Structure formats: C-alpha cells, structure tokens
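Protein chains in written order, with this note's numbering: chain B, 3 to 379; chain H, 19 to 274; chain G, 4 to 279.
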Amino acid sequence: MAYVAVKGGERAIDAAHTWLADARRGDRSVPELGTAQIEEQLGRAVDRVMAEGSLYDPGLAALAIKQAQGDLVEAAFLVRAFRTTLPRLGASQPVETARMAITRRISAIFKDLPGGQVLGPTYDYSHRLLDFALEGSEPPDAKQARPDAEPAPHVHAFLGGEGLLEPDEPQVADPPDLTRQPLRFPADRALRLQALARGDEGFLLGLGYSTQRGYGGTHPFAGEIRVGEVEVEIVPPELGFPVSIADLTLTECQMVNQFKGSKTVPPQFTRGYGLAFGHSERKAMAMALVDRALRAAELGEETGAPAQDVEFVLYHSDNVEATGFVEHLKLPHYVDFQSELEAVRRMRAAAASSLATAGSGEGWGEVGDSRKTEPAK
Amino acid sequence: MSATLLSARELSFAFGPIPALRGVSVDLWPGEVLAVVGESGSGKTTLLNVLLGRLRPDAGAVWYRDEAGHLADVHAMAEPELRRLHRSDWGFVQQDAKASLRMAVSAGGNIGERLMAQGARHYGNIRAAAAEWLERVEIDPARIDDLPRTFSGGMLQRLQIARVLVTHPRLVFMDEPTGGLDVSVQARLLDLIRKLVSRLGIAVVLVTHDLGVARLLAERLIVMQGGRVVEHGLTDQVLDDPQHPYTQLLVSSVLQ
Amino acid sequence: MNGYNFAYLDEQTKRMIRRALLKAVAIPGHQVPFGSREMPMPYGWGTGGIQITASVLGPADVLKVIDQGADDTTNAVSIRRFFARTAGVRTTTRTAEATVIQTRHRIPETKLREDQILVYQVPQPEPLWRLVPSRAETRRMHALAEYGVMHVRLYEDIARLGQVAISYDYPVMVNGRYLMSPSPIPAFDNPKMHRMAALQLFGAGREKRIYAVPPYTEVRSLDFDDHPFRPARAPQACILCGATDSYLDEVVTDDRGGRMFVCSDTDYCAGRRAAA
C-alpha cells in the first residue's frame with residue numbers, strides 16, 4: 003500500500019483538548035470541584051502557585067490549579083502567562099515584616115523571647131498517620147475565634163544589639179526586576195533573592211539540603227520563621243503619603259549562619275534570607291539556605307559546591323523555564339534526528355570496513371610510531 | 019636485586035589495544051635519583067603509576083624494600099598497607115601542586131598534616147616543624163597561616179615539597195616538578211630539590227621530558243620510547259654520548 | 004492506636020535494628036548501616052532515635068524524652084506521646100526514674116546508672132562530613148583510621164582564632180579507635196560520655212546509621228597536648244536554682260538586651276529547687 007502523508011494535525015489537537023477537558027472533569031457523578039474549595043481547603047497549593055507564578059491572587063491561583071488538574075507547575079505557568087497581560091501601575095513601599103500580624107512565629111535559637119514562640123497552625127508536631135476520618139464528611143467544627151495577632155520584634159534585633167550579627171544591607175533604591183529585564187551576571191543580592199523567590203520549591207529544597215550535608219556547608223540555625231499578614235503600601239504621587247492597598251500573607255525566614263572572623267576581626271554571625279507568598283515554610287527556609295550559600299564568594303569562603311554556583315542556581319531554578327525546555331523535547335525533532343541517523347550509519351560503515359582490513363596486524367600501531375596502518379577506503 | 023630500594027621487572031601494560039609498557043625493568047638504590055625521560059606517549063607516566071601501585075600491570079612486578087629490609091610486592095599489598103606506605107615511607111610530588119595541597123587550609127596546616135596523620139599531637143611542635151620547613155623551602159615563615167591561594171606557582175610547588183618531605187620519606191616520586199613554571203623559577207626550584215634530596219639522602223624517581231632537569235638532578239636515567247626502555251645508564255654518560263638513535267634525537271633537539 | 008504492634012514497629016524491623024545495635028555495641032564508635040523505615044515523624048526530627056527506642060523498649064520500661072534538655076519542648080512532647088500511645092509504657096520527667104531516655108542535643112546533668120539506656124537523636128552521624136562530603140571516602144578513612152584531616156581542622160582553628168571553634172558536635176575518639184560524632188550536644192557535655200555507666204545508643208534515621216558506646220568506654224574529645232579540650236558554659240548561675248555547674252539556656256526578656264540564664268535540664272533544675 004502506498005504511503006500516505008500524515009495530515010490532520012489541527013483536528014488531532016482539537017481532539018486532544020476535548021479529551022483533556024473530559025479527563026479534567028472526570029467522573030460526572032462526582033461533584034465538580036469549585037475554585038472556592040481549592041482556595042479555602044488546598045491553601046498550600048495555592049500559596050505555592052502564587053509564589054512560583056509571581057502573582058499574589060489566591061483566586062486566580064485556585065483557578066489555575068483547577069484548570070491544570072492539580073499540576074502545580076502547569077498552574078504557575080498559567081499564572082505567569084496571565085501576569086504578562088497585566089499593566090504595571092507602580093511599585094509599593096518595602097513591606098514591613100517587623101509589623102506583621104503574626105499567625106505563627108518561632109525561633110530555634112532562643113528558648114523564649116519577646117513575642118514568644120507562637121506555634122500557629124502547623125504540621126510540625128503531628129504524627130504522619132493517615133486520618134481516614136477525612137475520607138468521609140463530618141459536620142464541621144465551628145470556625146474558631148482567634149485572638150488578635152500581635153506584632154513581635156525581629157529576633158535579629160536582639161543579636162544585632164551586641165554586634166553579634168551582621169547588619170541588614172542598605173536598601174537598594176531601584177531593585178532590579180527579573181520580570182522586565184533578562185538575568186545578567188554578576189547578579190547582586192537583590193536580583194538573586196528575586197530569582198530565588200520565584201524559584202521552584204523542589205529545586206531549592208534539594209540545594210538547601212545539599213548545603214546541610216557538606217556540599218558548601220554553613221552551620222545554619224533558624225533564627226526566626228514568621229507567618230502572617232503584612233500591609234502593602236504605595237505612595238501615590240498626588241497624595242505624597244503612604245496608602246494601604248492590600249494585605250498579604252507572607253512567610254519570612256531568617257537563617258543565622260557560620261560566623262566569620264579571626265583573632266583580630268571579631269567574629270559575627272552571617273545571615274540567609276527567605277521570603278515567600280502565603281504559608282510556605284519549606285520554600286522560605288530552603289531559599290534562606292541557598293541565599294547564604296550564594297554569598298560564599300563575597301564572604302571569602304571556599305566555593306565549588308552546586309548550591310554556591312550562582313549561575314547554576316539562578317539559571318535552573320525557574321521551573322516554568324525549566325519545564326518548557328525539558329518538555330520541549332516532546333516536539334518533533336525528526337529533521338535533526340534524521341541527520342544524526344545518517345551520520346551514525348556512515349561511521350558504523352567506516353568502522354566495519356576498517357575492522358575488516360585490519361586483520362592480524364599490529365592493530366593500532368606502536369605508541370609514538372609514525373608508521374600507521376591506513377584503513378582501506 | 020640485592021640492596022635495591024625499588025625494583026620493577028618486566029612490566030607490561032596496555033590501555034585496551036594500545037600497549038603503554040613493554041617489558042620494562044627498573045632498579046633504584048637507596049639515596050639515588052633516577053630520571054625517567056621521554057616524550058609524551060613514551061609510557062613514562064604509565065610507568066610512574068605502575069610503580070606507585072595505582073595501576074596494576076598486566077605482567078611483571080614491582081618490589082619495595084622497607085627499612086627493616088623486607089621485600090614486598092607492591093601490587094600484592096592490601097589497600098590499607100599501600101595507603102600507609104604512601105603516607106609514611108613514600109612521597110609524591112605532583113606536577114600540579116594544587117592537586118596535592120589543600121587549598122582551603124593554611125600553609126602550616128598543609129605541612130603539618132602528614133605529621134598529624136602519624137600521631138603528632140603537640141600544636142606548638144607541629145607549628146614549629148612547619149615553620150622550619152617553610153624556611154627550608156625558602157618561603158617566608160611569616161606566611162605560615164596564609165592560604166595557598168595567595169601563593170605563586172613556584173611557591174605552591176615548594177609548599178608541596180615541604181608537605182611531602184616533612185615526614186622524611188625514603189622514596190619520593192616526582193612528576194614534572196617544574197612543569198608550567200617560569201624558567202627562572204624552575205632553576206631556583208631545581209636547586210632547592212637538589213639540596214634537599216642530597217641532604218636528606220632521599221631516593222627519587224623523577225619523571226620528566228626535560229633533559230636539563232634530568233641532568234641537573236639525576237645520577238642515572240632511563241630513556242623511554244613507545245613503552246620500552248631504549249637506553250639507560252649514568253646521566254652524564256647517556257646525555258654526552260647517546261647510543262640509541264632515539265636518545266640521539268632527543269639530545270640533539272634540546273635547544274642549547 | 005488500633006492495628007499497630009507494641010511501639011509501632013513490627014517485630015521483624017525491631018529484630019533488624021537490634022542486630023545493628025549489637026554490632027554497634029561490639030565495635031564502639033563504628034557506624035553500622037541499617038534499613039531505616041519511614042516513620043510518622045519527618046526525617047531530621049528524631050526518626051533514628053525513635054526507631055532505636057521502639058526496638059529496645061519493653062512493657063516494664065519507664066521512658067523519658069527530652070529535647071534541648073527539657074521535657075516540655077514541643078518535639079519531646081510529641082515523641083513521648085507517640086510512645087505512650089503505641090507502647091503504653093510509663094513515662095516520666097525524672098531522670099532518676101527512667102530506664103530509657105531519648106534525647107536531642109543534651110546529656111542529662113544527673114549522673115546515669117548501669118540500668119539506664121541513653122538514646123541520642125543524630126542528624127549527621129559522619130564526623131568527617133564537613134571536610135569530606137563523599138561517604139565512600141569517609142568509610143575508607145574510618146576503616147584505615149585516617150583521621151589526620153580532622154586534626155588539621157583543629158589546627159586551623161587554633162592558628163586562625165587562637166582556640167578550637169567547635170562548640171557543639173565536638174568530635175571524639177571512642178575506645179582509642181573510632182572517630183565519632185557525639186551528636187549536636189554542646190561540647191560542655193562531652194566529658195559525661197567518658198566511661199559513662201549507662202549504655203549510649205545513637206540513631207540517625209535519615210542517614211540510616213546506628214552506632215553505640217558501651218558502658219565504661221573511653222571517650223576522649225580531640226585536642227592537642229598543649230591546647231587541651233576545655234568544656235565551656237555561660238559564666239552565669241541559674242536564676243531559678245543557682246546552679247553554677249549545669250548548662251544554661253539564655254532567655255531574652257526584653258528588647259533592650261535584657262537576659263536571664265536558666266538550667267537547660269529542666270528536671271535537674273526542678274530537683275535542685277525541690278531540695279532547697
């Protein structure tokens with residue numbers, strides 16, 4: 003039968019989309035998932051999509067998660083694509099995390115401290131035993147009234163007072179913006195932090211973990227982790243004073259690390275910083291570990307571990323870029339592959355014929371011997 | 019083989035189809051410097067690795083005589099024994115000093131390491147020994163706490179030498195110890211090596227492509243080509259009156 | 004807790020862990036690999052210690068669990084509750100009453116006895132890990148007792164800072180043969196390990212290693228003859244019980260630099276106050 007060229011690409015794609023929508027909906031006898039349910043009851047997924055999508059909008063993130071069938075990287079991609087369409091109205095004032103209305107605030111470096119250790123809602127001390135009661139539906143407990151969240155001073159203020167901790171860096175007037183300009187090196191700390199804040203949680207988790215296992219270690223301690231709401235303020239030019247436009251939930255992590263110093267320079271603890279949208283401790287902590295590792299060169303430490311390689315970390319931490327390029331391998335590459343096929347066939351033919359002619363001789367000739375046996379062409 | 023320190027007999031080794039050593043035999047007596055010369059591809063580096071115990075020969079054996087006079091087959095030794103040998107009786111000065119030094123450890127720490135590995139536990143004494151050796155290799159002892167990354171190429175090589183010699187090994191292997199250094203730096207380094215080796219009575223196997231280095235440091239030499247020893251004898255005799263055509267070629271190619 | 008074996012682990016797993024423990028006790032300070040199981044607590048939160056405790060616990064045992072020296076820290080509470088539910092054993096906060104003590108980052112101030120077992124939670128069992136990240140290489144180094152590089156680390160500290168800068172997880176030589184990580188206890192606690200009457204067991208769940216120090220074993224902190232090891236503590240006295248020989252916690256009282264110091268070992272402190 004004569005070969006018939008493959009056609010109908012568009013029809014195939016339409017069919018794929020129809021099937022996708024069908025698969026996304028699943029069994030029609032099961033109630034459809036509402037975006038409000040995702041926003042309320044899968045809050046951690048929503049937080050992650052906001053962070054990696056670089057857009058704080060829980061409703062949109064919930065929608066993206068529904069549309070992506072729970073694939074969080076796909077959802078972050080949807081959010082980023084939407085973000086591209088939004089006009090940039092201006093920049094806010096730096097957010098004051100010291101004034102955060104605290105839901106959760108812990109420090110691993112002091113047993114107790116002003117503001118206290120506020121556990122908040124956390125999995126940390128739970129036992130990871132599947133709770134089969136959640137499979138069913140029980141009449142819910144009434145939503146609990148919580149005391150007003152109080153601000154608490156940052157822990158680093160206590161260490162800073164004695165000069166034990168390196169001070170905050172001076173504020174950058176015009177921070178770089180990765181969403182507007184391409185990544186360039188050398189990348190200063192503001193740029194690195196922005197990249198990490200958008201970076202894939204899993205990738206940063208692995209890198210952070212590696213620093214704890216000897217690949218560029220820095221003896222980290224969790225100086226403080228705080229979760230809660232902060233105000234976003236802008237200063238409209240017409241008014242000339244700050245106006246609050248939104249409340250965001252943020253997770254902030256300050257790591258206190260390896261001190262630097264000598265017999266003559268009094269040692270000081272150094273810092274790593276992590277910040278993420280929503281309640282995202284794993285991300286904020288991993289980010290703080292990697293932030294500190296990326297400062298190794300500037301702090302005069304030995305480098306060479308993957309987490310300390312600025313280009314390696316920043317280039318590969320964006321999961322939307324990464325998934326794009328990894329998954330692009332699914333696109334047709336048969337033209338390039340055809341040329342590879344031809345090249346391999348030619349080389350195999352040449353090797354086969356040279357083996358046939360080599361026979362019982364010295365083989366490859368003597369080392370340093372200028373008499374070489376030429377393969378028959 | 020009476021009274022030799024190191025003896026190799028009929029060593030053969032091939033990388034797949036490529037023969038790198040063919041029936042090579044070598045003897046080394048205590049306190050003497052033997053040069054192994056040849057161009058790249060001659061097999062001299064392979065010979066070095068077989069003598070060191072790093073590469074197992076396809077045929078032949080390497081024998082080492084310890085201080086008590088016991089002869090041991092280097093390739094029949096268990097790994098712990100060989101590693102102990104490398105840490106005590108033997109030393110290896112590599113062409114790239116950075117590969118042998120700990121770049122994040124101070125000069126003093128680098129020199130003191132072999133002492134500490136052998137059980138030295140007095141900080142003051144270790145430090146004093148390190149300072150003494152820095153002086154011997156003509157590095158300012160005030161640099162004892164400096165990191166090697168602040169050292170020049172020649173200084174790194176001298177630091178490596180101090181690190182290796184601090185435990186007074188009986189046998190030191192050297193692989194192109196002056197490779198990659200400026201000519202004036204080379205001359206100073208060679209002079210230092212010559213002085214130290216003769217003062218400490220160390221036996222040396224020196225691998226080099228540079229006939230000038232061989233002439234300056236070695237009493238005897240072997241010339242390798244294509245995995246074989248084509249000529250051997252007293253350095254001056256071989257270099258002044260080469261018999262084998264390849265040796266003649268080497269000697270005549272040296273820029274005067 | 005229905006459907007679970009005594010102390011959660013099944014008997015096969017306990018047997019596997021006990022074999023590892025026996026091997027560890029037979030070779031003091033040597034790290035024995037074991038098939039660590041996924042537990043209901045995360046890796047890094049004491050799964051190694053928990054697996055050891057689960058394997059040695061019997062119905063007649065009395066269990067104490069501390070973290071940073073205190074019984075009421077959240078992780079200690081969580082672990083103690085776990086064993087109360089899965090093993091039904093009696094629990095206590097009194098060190099003297101316990102037969103098994105699981106600890107994170109402290110050794111109790113109260114001297115331990117021959118009939119007691121101290122189970123340490125270990126994050127990183129390999130004492131050379133910061134100097135040599137490859138496990139394959141560190142295994143060789145332990146087998147050949149090649150510990151020069153650790154002494155180089157101490158030398159560097161003294162050369163650079165005038166003293167050894169390691170303040171916790173200070174490396175020790177056990178039985179004169181193996182270099183061991185005592186877990187992140189403060190260096191102050193190291194001397195307690197030397198010839199301790201109790202059995203000391205160490206569990207690292209994430210890294211999957213078990214090691215042990217049998218009773219009355221020599222444990223020496225690494226040092227130089229002319230820079231001997233000196234355990235350090237804050238110079239203050241405990242504000243609650245007045246102890247000057249116990250390890251102290253620093254508590255920040257206000258944001259103007261106010262501080263107070265209290266015993267980290269809450270049972271020790273309470274005992275002193277009761278006796279006073």
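Every residue gets a Cβ at the ideal spot worked out from N, C-alpha and C, and that includes glycine.
Small disclaimer: the values here were computed from a predicted structure and weren't measured.
request  = Might you give, ordered along the chain, the residues of its own chain that have their beta carbon closer than 6 Å to the beta carbon of Val229(B), omitting 5 neighbours on each side?
outcome  = Thr105, Arg106, Thr253, His281
key: C-alpha distance - Leu133(H) paired with Val315(B), whole-angstrom precision   = 40 Å
query = Taking the C-alpha atoms as reference points, what is the distance between Arg176(H) and Gln166(G)?
reply = 28 Å
key: Residue nearest to Ala151(B) in terms of C-alpha spacing, selected from Glu164(B), Gly45(B), Leu22(B), Gly122(B)   = Gly122(B)
request  = Label Gly365(B) either buried or exposed according to how many other C-beta atoms from any shown protein chain fall within 10 Å of its C-beta, with 16 as the threshold for buried.
outcome  = A caution first: Gly365(B) carries a pLDDT of 39, below 50, which makes its placement in the model unreliable, though a value can still be read off. By the neighbour-count rule (16 or more Cβ atoms within 10 Å), Gly365(B) is not buried but exposed.
inquiry  = Just to make sure I have the definition right: I need the residues of chain B whose C-beta is within less than 9 Å of the C-beta of Asp252(G). Which are they?
reply    = Phe112, Lys113, Asp114
Every unbroken beta strand (DSSP E) within the region 38-62 of chain G, with a cutoff of 3 residues, ordered by chain = none
inquiry  = Taking the beta carbon of Met289(B) as the centre, do at least 16 other beta carbons fall within 10 Å, making it buried, or is it exposed?
reply    = buried
query = So what's Gln119(G) in DSSP terms, helix, strand or just coil?
reply = coil
Whole-number beta carbon distance between Leu46(H) and Thr22(H), since they are thought to touch under 8 Å = 6 Å
request  = Could you check if Trp21(B) is buried or exposed, using at least 16 other CB atoms within 10 Å of its CB as the buried criterion?
outcome  = exposed
inquiry  = On the CB-based measure, 16 or more other CB atoms within 10 Å of its CB, does Gly172(H) come out buried or exposed?
reply    = buried
query = DSSP three-state call for Leu24(H): helix, strand or coil?
reply = strand
ask   = In terms of residue numbering, what span does the beta strand (DSSP E) encompassing Cys2(G) cover?
value = Since the first residue of chain G shown is 4 and the last is 279, residue 2(G) is not available in this structure.
query = Any idea what DSSP makes of Met199(G), helix, strand or coil?
reply = coil
ask   = How about Arg161(H): is its C-beta nearer than 7 Å to some C-beta of chain G?
value = no
query = At what residues does the beta strand (DSSP E) containing Gln105(G) begin and finish?
reply = 103-107
task = Give the straight-line distance between the Cα atoms of Asn259(B) and Gly179(G), rounded to the nearest whole angstrom.
result = 33 Å
message = I'd like to check one pair, Asp202(B) with Glu231(B): are the Cβ atoms closer than 7 Å?
response = no
task = Just the C-alpha distance for Tyr158(G) and Ile213(G), rounded to the nearest angstrom, thanks.
result = 29 Å
request  = Give me the Cα-Cα distance between Pro187(G) and Leu24(H), rounded to the nearest whole angstrom.
outcome  = 48 Å
task = With distances taken Cα to Cα, identify the nearest neighbour of Gly117(B) among Glu303(B), Ala159(B), Pro177(B), Arg26(B).
result = Ala159(B)
task = Determine the contact status of Val135(G) and Val177(G), defining contact as a CB-CB distance below 7 Å.
result = no
request  = Starting from Ala159(B), find everything on chain G with Cβ-Cβ shorter than 9 Å and list it in chain order.
outcome  = Asp258
ask   = Going by DSSP, which residues form a beta bridge with Ala144(B)?
value = Answer by DSSP bridge pairing: none, since Ala144(B) is not bridged.
request  = Quick one: residues in its chain with C-beta nearer than 6 Å to the C-beta of Leu161(B), no 5 flanking neighbours on either side, listed in chain order?
outcome  = Leu167
Limits of the unbroken beta strand (DSSP E) element including Ser43(H) = 36-46
task = Just the chain D side, please: which residues come within less than 8 Å of Pro98(H) by C-beta, in chain order?
result = This model lacks chain D altogether, as its protein chains are B, H and G.
ask   = Which residues in chain B sit within 8 Å of Arg133(G), going by Cβ to Cβ distance?
value = Gly216, Gly219
message = So, at 7 Å on beta carbons, what are the nonlocal neighbours of Ala341(H) in its own chain, with the 5 sequence-adjacent residues on each side left out?
response = Any property of residue 341(H) remains undetermined from this structure, which presents chain H solely from 19 to 274.
query = Are the C-beta of Pro155(B) and some C-beta of chain G separated by less than 7 Å?
reply = yes
key: Per-residue burial, Phe243(B) [other beta carbons within 10 Å of its own, 16 or more giving buried]   = exposed
query = Among residues of its own chain, excluding the 5 on either side of Leu73(H), which ones have a beta-carbon nearer than 6 Å to its beta-carbon?
reply = Asn67
request  = Give me whichever residues DSSP pairs with Asn8(G) in a beta bridge.
outcome  = Tyr11(G)
inquiry  = Looking only at its chain, what residues have a beta carbon closer than 6 Å to the beta carbon of Ile104(G), apart from the 5 residues adjacent to it on each side?
reply    = Lys67, Leu121
key: Listed by chain order, chain H residues near Asp160(G) by CB distance under 9 Å   = None at all; the shortest Cβ gap to chain H is about 10 Å.
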